[in-house]
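Residue numbers (this note's numbering), protein chains in the order written: chain D, 427 to 969; chain V, 4 to 310. The structure appears below as structure tokens.
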């Protein structure tokens, strides 16, 4: 098989030579050596059917990212929401928005992208009948409670807040003020859909059709997806390679082995076991950059023992007993960064990330921790049990490390133990039924790079991901204010005030920000991860 | 013989019902599968209720089981959470695993029995000791270690094979994974054959056959081997089912999208339909393999035929 390796190397050299002589200086992606080569990348089997409003995990999201473009797009480097299909999104009162869609865009099957493509898609996504798991994204739009009632059947099929004005204009009416609403529209759930989606749904699912830089050439479910560059893509972010082959791997270790053996070009998840070797294996072809993911420990506030006056001291004490730096350095080998606020560095300072907002409460201080826990009346029941799912990730290792750190700080061997749950489904089940007796693992991956997305879904009273049932009037009020604020700078500042409330009550212990990690073969260049830890495929050059 | 087969077939019914019911109960005891469907956040109650209704999870368990079994007899194994028919998943994954199992069984039969015969006839000689030691090592090293080691050496270091198997998984790509899957059973087959041969070598009929002046080859193959194979055939027969269901580790290492992969995904996502469906089929395979073994007995030893 050595011969094959050589042959490929030679072919690569020829391609480089062709590119250098043939179309040097020409636009990438035109008719040259570059732009036709296809790269292969590791993939996981999407959990749900590949509909934009039904995809809530990163593997399905990866594909949507390649085959769809929405009104807005998040800059792969800064995370800023820029206009993509939106000509303009205007409002005078932060509640009624007029959206103008650019002309000249089509789906890869030739159908024009119009205002209706969006309105139909959003109505579909919101409708209870369609079981879309991201339906709550449309929850701000007026009429959502009719289309998607909390119980019973729906009394309307279409959101009353959506109106098509003409081919390229539609209006959105929200049921409350939400000034950063336009910035959420880069999320995949808001993607436009062609008519084929509604007329031949089963066929569409077999081979989704979108309007992004790539089109799906073939899709073998559970095994492989072949994406090819769509030549007539009208957008500014054309793909500079010929396409991407996504290969499903059950185990990230095998993907890594395949990368080492030269059978795979890109892995976007370096397995924990390989972190020790990855630098010597890949050198600078290893990427480790911040992603919009934060890991926390949440508390069951429905349990009186964790929600009595003074228990915030216990919670803060526990936070101070965790040696974040040591755990991220030794266990995670710097693929995570100790958290010092409740957002993520990918937001940037302007977006609301404020390093050190947590202050002393997140700094390792065993003596102070011991004192605070004592002042707060001690640990409820004498022992902290941290619940987690043991089926995935390396949760067991870090929970054990956190517990060791707490035990050492409090000078009590039994102060903290891990409480493993067999499967993720069961873990979520127990959380949903409010059966947690102590802190539990929580991970938050942002939907869109806004500080709002890190605070509201997690800590607002009865919010969709407020699993601990924390409720605080002051926090809610500040979030409402911040959402209504039309000046982005003041809005962010108000959100940060709300975040301080979270800190003062230690509603959840922030642990660390997770990085995205990736490795690639020497055929590739210009590989980067966006703030969602997904590779920016269209910018990858293949030699 | 006919009555024997019928009786065996009738015995399969309670085993089939019992095992599927057990799996059904076990998967359901783990809790509400819909809870894990929406990722780190909980599904909104309306969608969760709707999903439960659609998958029939809102009904009492006994009713779910009855409906399920009723559907199974019409060939409907339900729908997996990703919207695919379970039968569709089976159609893509079973052929791959069957190919893998065939490769493994061929290794077991050819290599295992040959080594067993060779060592059984040369008991106590260096060959025998060497093979015994080797099989001891193979038995004591877990499959995933053998698998990862071979993958690393053959796939990455020497570049003889691809470390992962492409989705089509043709026979030649399955040789190394098949060997890994077969390794432990292979060692057992060798040892079983060896003991059996060594024991029967001293028996009267073999002595008679030699005394009659039959060629050595005929004595070994027709007389000695045929009688010594009964325990080995039992083992290989039951192993077919075990290999198909137990391929989870091997399939994971070599990224083979077979039954083990689907089962693993199903368990992880607590997908009742996938897990129960695949286990149902595996139970059938087990039962069929056992039946086959019993019939083979009759072929190998005429005395059993009339029992």
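Even for Gly, the Cβ is constructed at its ideal location relative to N, Cα and C. Just so we're clear, the structure is a prediction, and the values are computed from it rather than from any experiment.
For residue i, the three-state DSSP class (helix, strand or coil)
i: residue 233 (chain V); result: helix
i: residue 469 (chain D); result: strand
i: residue 829 (chain D); result: helix
i: residue 987 (chain D); result: Residue 987 (chain D) is absent from the model: chain D starts at 427 and stops at 969.
i: residue 259 (chain V); result: coil
i: residue 813 (chain D); result: strand
i: residue 781 (chain D); result: coil
i: residue 842 (chain D); result: strand
i: residue 522 (chain D); result: strand
i: residue 701 (chain D); result: coil
i: residue 164 (chain V); result: coil
i: residue 764 (chain D); result: strand
i: residue 602 (chain D); result: coil
i: residue 269 (chain V); result: helix
i: residue 250 (chain V); result: coil
i: residue 86 (chain V); result: coil
With 16 other Cβ atoms within 10 Å as the buried cut-off, status of residue i
i: residue 909 (chain D); result: buried
i: residue 172 (chain V); result: buried
i: residue 860 (chain D); result: exposed
i: residue 646 (chain D); result: exposed
i: residue 591 (chain D); result: exposed
i: residue 526 (chain D); result: buried
i: residue 530 (chain D); result: exposed
i: residue 208 (chain V); result: exposed
i: residue 5 (chain V); result: exposed
i: residue 749 (chain D); result: buried
i: residue 628 (chain D); result: exposed
Chain V within 9 Å of residue i, Cβ atoms only
i: residue 584 (chain D); result: no
i: residue 559 (chain D); result: yes
i: residue 577 (chain D); result: yes
i: residue 647 (chain D); result: yes
i: residue 555 (chain D); result: yes
i: residue 942 (chain D); result: no
i: residue 643 (chain D); result: no
i: residue 483 (chain D); result: yes
i: residue 849 (chain D); result: yes
Cβ-heavy atom distance, residue i to the ligand MN, below 8 Å
i: residue 202 (chain V); result: The ligand MN is absent from the structure shown, which contains no ligand whatsoever.
From the options, residue whose alpha carbon lies closest to that of residue i
i: residue 490 (chain D); options: D:529, D:590, D:672; result: D:672
i: residue 939 (chain D); options: D:834, D:966, D:715; result: D:715
i: residue 95 (chain V); options: V:265, V:107, V:233, V:69; result: V:265
i: residue 703 (chain D); options: D:719, D:690, D:688, D:683; result: D:683
i: residue 825 (chain D); options: D:892, D:845, D:906, D:837; result: D:845
i: residue 855 (chain D); options: V:14, V:7, V:31; result: V:31
i: residue 805 (chain D); options: D:832, D:821, D:780; result: D:832
i: residue 649 (chain D); options: D:496, D:674, D:867, D:746; result: D:674
i: residue 199 (chain V); options: V:88, V:212, V:233; result: V:233
i: residue 516 (chain D); options: D:960, D:835, D:608; result: D:608
i: residue 689 (chain D); options: V:28, V:144, V:159, V:54; result: V:159
i: residue 40 (chain V); options: V:238, V:24, V:58, V:19; result: V:58
i: residue 559 (chain D); options: V:254, V:51, V:287, V:298; result: V:51
i: residue 426 (chain D); options: D:895, D:479, D:545; result: Examination of residue 426 (chain D) is not possible in this model, given that chain D is present from 427 through 969 alone.
Per-residue contacts from residue i into chain V (C-beta, under 7 Å)
i: residue 700 (chain D); result: The premise fails here: residue 700 (chain D) is roughly 12 Å from chain V at the closest Cβ pair, so nothing lies under 7 Å.
i: residue 675 (chain D); result: 258
Chain D contact residues for residue i, given Cβ-Cβ distances below 9 Å
i: residue 82 (chain V); result: By Cβ distance, chain D contributes nothing, its closest Cβ being about 10 Å from residue 82 (chain V), past 9 Å.
i: residue 45 (chain V); result: 854, 857, 858, 890, 891, 893
i: residue 173 (chain V); result: Within 9 Å Cβ-Cβ: nothing; residue 173 (chain V) doesn't reach chain D, min ~14 Å.
is_contact[residue i, chain D] using C-beta, thresh 9 Å
i: residue 14 (chain V); result: no
i: residue 247 (chain V); result: no
i: residue 159 (chain V); result: yes
i: residue 107 (chain V); result: no
i: residue 102 (chain V); result: no
i: residue 260 (chain V); result: yes
i: residue 111 (chain V); result: no
i: residue 292 (chain V); result: no
Chain V contact residues for residue i, given Cβ-Cβ distances below 8 Å
i: residue 870 (chain D); result: 43
i: residue 683 (chain D); result: 154, 155, 158, 159, 166, 167
Under 7 Å by beta carbon: chain D residues contacting residue i
i: residue 94 (chain V); result: None at all; the shortest Cβ gap to chain D is about 11 Å.
Chain D contact residues for residue i, given Cβ-Cβ distances below 8 Å
i: residue 57 (chain V); result: 557
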